[in-house]
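Encoded as structure tokens, the structure appears first; notes follow it.
In the numbering used here, the protein residues as written are 647 to 780.
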């Protein structure tokens, strides 16, 4: 039986980067589409809350990005270690499959978030009772 040689560290690193990119995009997209609870930053109160939709003014970008980075680091580390044992993972066809999947997720992310931003309706807060226009 012909034993394939172990993939180089640079090939494993490249595959790990592609897998991390794929995981990041998927987590970012799925957490937004499912309205999953993520850390929201409330700038007026200067604090974070874990919620699907906060009460008041909030930004989910920080929490959603951190969640994506955690999953991306875990996926990248797992694939980097797994590629040493599962040599088929470092084959060019497998690397191209992961790269194409990452590109597809990136495209779906662009379409989903573009659609979400273009179709949202502004919902302004009422003016405070003490406000007096000049």
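All residues carry an ideal CB built from backbone N, CA and C; glycine is no exception.
Excluding residues up to 5 positions away in sequence, 684, 686 lie with their Cβ nearer than 6 Å to the Cβ of residue 706 in the same chain. Beta-carbon to beta-carbon, residue 694 and residue 714 are separated by about 16 Å, too far to satisfy the 8 Å threshold.
With respect to the 7 Å criterion, residue 748 and residue 659 are not classified as neighbours on the basis of their beta carbons. If you compare the alpha carbons of 664, 759, 655, 654 with that of residue 742, the shortest gap goes to 664. By the neighbour-count criterion, in which a residue is buried when 16 or more other Cβ atoms sit within 10 angstroms of its Cβ, residue 676 is exposed. According to the DSSP assignment, residue 761 belongs to the alpha helix (DSSP H) that extends over 738-764.
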